[in-house]
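As structure tokens, the structure follows; a few thoughts come after it.
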Amino acid sequence: MTKKQKTNLIRILVSAVLVAAIWLSPLTGWLEGVLYLIPYFIIGYDILLKAVKGIFRGQVFDENFLMAVATVGAMALGDWREGCAVMVFYQVGELFQSYAVGKSRRSISDLMDIRPDYANIEQDGALEKVDPDDVEVGTVIVVQPGERIPIDGVVTEGESAVNTSALTGESLPRQVKVGDEVLSGCVNLSGLLHIRTTKEFGDSTVAKILDLVENSSMKKAKAENFITKFARVYTPAVCGAALALAVLPPLVRLVMGSAPMWGDWVNRALTFLVISCPCALVISIPLSFFGGIGGASAKGILVKGSNYLEALAKTDCVVFDKTGTLTKGVFQVLEAQPEGMDEQTLLGWAARAECYSNHPISQSLKAAWGGEVDAEQVTDVEELGGYGLTAKVEGHAVAVGNRRLMEKLGLAPVQPQQAGTVVFVAVDGAYAGWILLGDVVKEHAEAAIRGLKAEGVAKTVMLTGDAEAAARQVADSLGVDEMHSQLLPADKVQWVERLLAERKDGRLLAFVGDGINDAPVLARADIGIAMGALGSDAAIEAADVVLMDDDPAKIALAMRISRRTLRIVYENIVFALAVKAVCLVLGAIGIANMWLAIGADVGVMVLAVLNATRALSAGKE
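Residues 3 to 623 (our numbering) are what the sequence shown spells out, left to right.
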């Protein structure tokens, strides 16, 4: 709970205790009324203040005004307990809503973690750290291994592997050399790089990502609470009806020559206002959403607000990132094709030759082989930038790398037809075979697509920074309707903007991602869904829904929970309004007295709340 929520809880408890104490006391008359004002103002001072401010702002008929009029009306009729109880019930509903939405997200500025704090400039043989904002275009900066590239530029000296995951979300590092363009936000993994800047820091890629997140967040419209929408019509209607009930009948009677009976009709009008107080709606609707959110949480689905739970039911287009979302984001050996040896021997040559490398491909080869590497048996290791490496393994010359390395050795290997990253191996100058590596599709990814189709999702789309062939293979294997590859964060936002423009009939779009690069898109979509177990902090904070176990199949479950919760909400709305309408009619014609009003109000509230608690089990069906 936040500090504000704890304060409101204390106010509710204190007010409830005071109301009970005064009720059980032998006090009567004006002294009892004065004492009831104490818990009333403790629990309702903020509602009264909001109502007054709303009047001055021209926003008269909102839920705060309704609650103020209803409670003051009850007290004017002498029923102090009703006035206090209504305000306590309302604040309980507000607390439920606040807690459900709660645990406020950290500011989007948390994404600033990817912003470099400094840039290295070489002066007089020494490196000087300067503010990236102070670096002019054309300046040569130095990026050491392990440092983040601060500004976009072109490599003028050095070779290295660069981790681009902050921009593309892809785990495979990119090899860069002199003349290659590099983007800010990427991490230099191995070699020393000298980079001539081509942009100012404010125009660099990392700065644009931050701007995209902030601007996208501003574009997302916040769903209005049902009570607020309802009160805009309901409140002026019942207030107008109460005023008419207090004034018109006495005037008609006066014209007809009868006694106006002002007191009787004013009493009916105030009773009418008390009856009109929608306690059942005020409490049961937030509680229903709270129950739905709680039921989703029990299934590992964190929904950050009732408006997002409601929006899930209206989603008919789901857009996915690939790596880490539909795939595991971990490279593994998919297939090996040896020449003149068995598969395990081929993997052994490759794994041992790569024993000194921390490259993801090297790690995958070692894991696939599974044997113990004796580093003393591996000598003369030479990394060839853009090709691979060569080494002596137990006295044998082993070459592991891409097709260009094989061609450099005068070999002509057969290129496999399957999509993925291919590693070729040569031993003692002879071609030994190829090893295919790839990102593995998650076990439930295909079920996730099928589940969404079953829930009525019209279109599924995959947006990825990965290569065309690898992306196409994943999209086709999962049955994704549409795929776009080789995208940067800005490109993903553009595609989402295009898909948003194609929406019809108020249907919504959800985006599912896991990386920092996905944060702008998560923020721009109608509903952002992030992977919680392996997803980046930035993605989780920018998202509206978080899948705590990274299972994309949970999206369809979240939609089912959303629809069941909404069904319960609509049941409560219809039930509460139907009973309320009957009681209002009875109150208007003078049949319903205050106690009937109280009984109907409390009875409907209890039944609606009991029905609302069914939402807690929404995830079980």
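C-beta: ideal position from N, C-alpha, C; glycine also.
Query                                                                                                                             : Result
Simplified DSSP assignment, three categories, for D382                                                                            : strand
Sub-8 angstroms separation of A558 and E457 beta-carbons                                                                          : yes
Whole-angstrom C-beta distance between G204 and G160, which should lie under 8 angstroms                                          : No, G160 and G204 are not in contact; Cβ-Cβ is about 26 angstroms, not under 8 angstroms.
Close beta carbons around D483, own chain, < 8 angstroms, minus the five adjacent residues each side                              : K461, T462, V463
Span separating the alpha-carbon of L50 from that of R83                                                                          : 17 angstroms
Cutoff 7 angstroms; reference M263; Cβ partners in own chain excluding five residues on either side                               : P252, R255
Cβ contact check for the region 388–398 and the region 328–338: 3 or more pairs under 8 angstroms                                 : no
Nearest candidate by alpha-carbon position, reference Q417, set A432, K410, A428, L438                                            : L438
Where T381 falls, given that 16 or more other Cβ within 10 Å makes a residue buried                                               : exposed
For V305, the residue or residues it bridges with in DSSP                                                                         : V547
Buried or exposed (CB count within 10 angstroms, at least 16 for buried), W351                                                    : buried
Reduced DSSP category for A527 - H, G, I as helix; E, B as strand; rest coil                                                      : coil
Touching by the beta-carbon criterion (3+ pairs, under 8 angstroms), the region 179–197 and the region 143–162                    : yes
Every unbroken alpha helix (DSSP H) within the region 444–469, with a cutoff of 4 residues, ordered by chain                      : 447–456
Bridge partners - I557, DSSP secondary structure assignment                                                                       : For I557, which the question treats as bridged, DSSP gives no partner whatsoever.
Identity of the residue in D493, Q334, T567, D468 nearest G440 by Cα                                                              : Q334
Exposure of S111, with buried meaning 16 or more beta-carbon neighbours within 10 Å                                               : Low local confidence applies: a pLDDT of 38 at S111 is under 50, so the model's placement there is unreliable, with the coordinate-based value given in what follows. That one is exposed.
K394 versus L465 - alpha carbon distance                                                                                          : 42 angstroms
Check whether A209 and E341 have beta carbons under 8 angstroms apart                                                             : no
Backbone CA spacing between V476 and V443 [nearest angstrom]                                                                      : 7 angstroms
Beta bridge counterpart(s) of P340 as assigned by DSSP                                                                            : G435
Neighbourhood of C357 by C-beta, 6 angstroms cutoff - its chain only, sequence neighbours within 5 removed                        : V375, A377, V380
Among A338, I575, T30, I531, nearest to V548 - alpha-carbon criterion                                                             : I531
C-alpha gap between E681 and L588, whole angstroms                                                                                : Here the chain has residues from 3 to 623 only, and residue 681 is not among them.
Nearest candidate by alpha-carbon position, reference G390, set S299, I277, A353                                                  : A353
Assigned secondary structure, R255 (DSSP; H/G/I helix, E/B strand, else coil)                                                     : helix
Neighbour-count burial assignment, W32, 16 or more Cβ in a 10 Å radius                                                            : exposed
Rounded Cβ spacing between V427 and L336 (contact assumed at less than 8 angstroms)                                               : Not really, about 15 angstroms apart at Cβ, beyond 8 angstroms.
Beta-carbon proximity check, Y310 vs I529, cutoff 8 angstroms                                                                     : yes
N574 and S290 closer than 8 angstroms at C-beta                                                                                   : yes
Sequence-distant residues of its chain with Cβ nearer than 8 angstroms to S479 (five each side left out)                          : V443, E448
Beta-carbon contacts of Q93 that lie in its chain and below 6 angstroms, excluding the five residues immediately before and after : I14, I45
Per-residue DSSP class, three states only, for L33                                                                                : helix
Coarse secondary structure for Q346, derived from DSSP in three states                                                            : helix
Where A18 falls: helix, strand or coil (DSSP)                                                                                     : helix
Residues that V71 bridges to, as DSSP identifies them                                                                             : DSSP, once it has assigned bridges, lists no residue as partnering V71.
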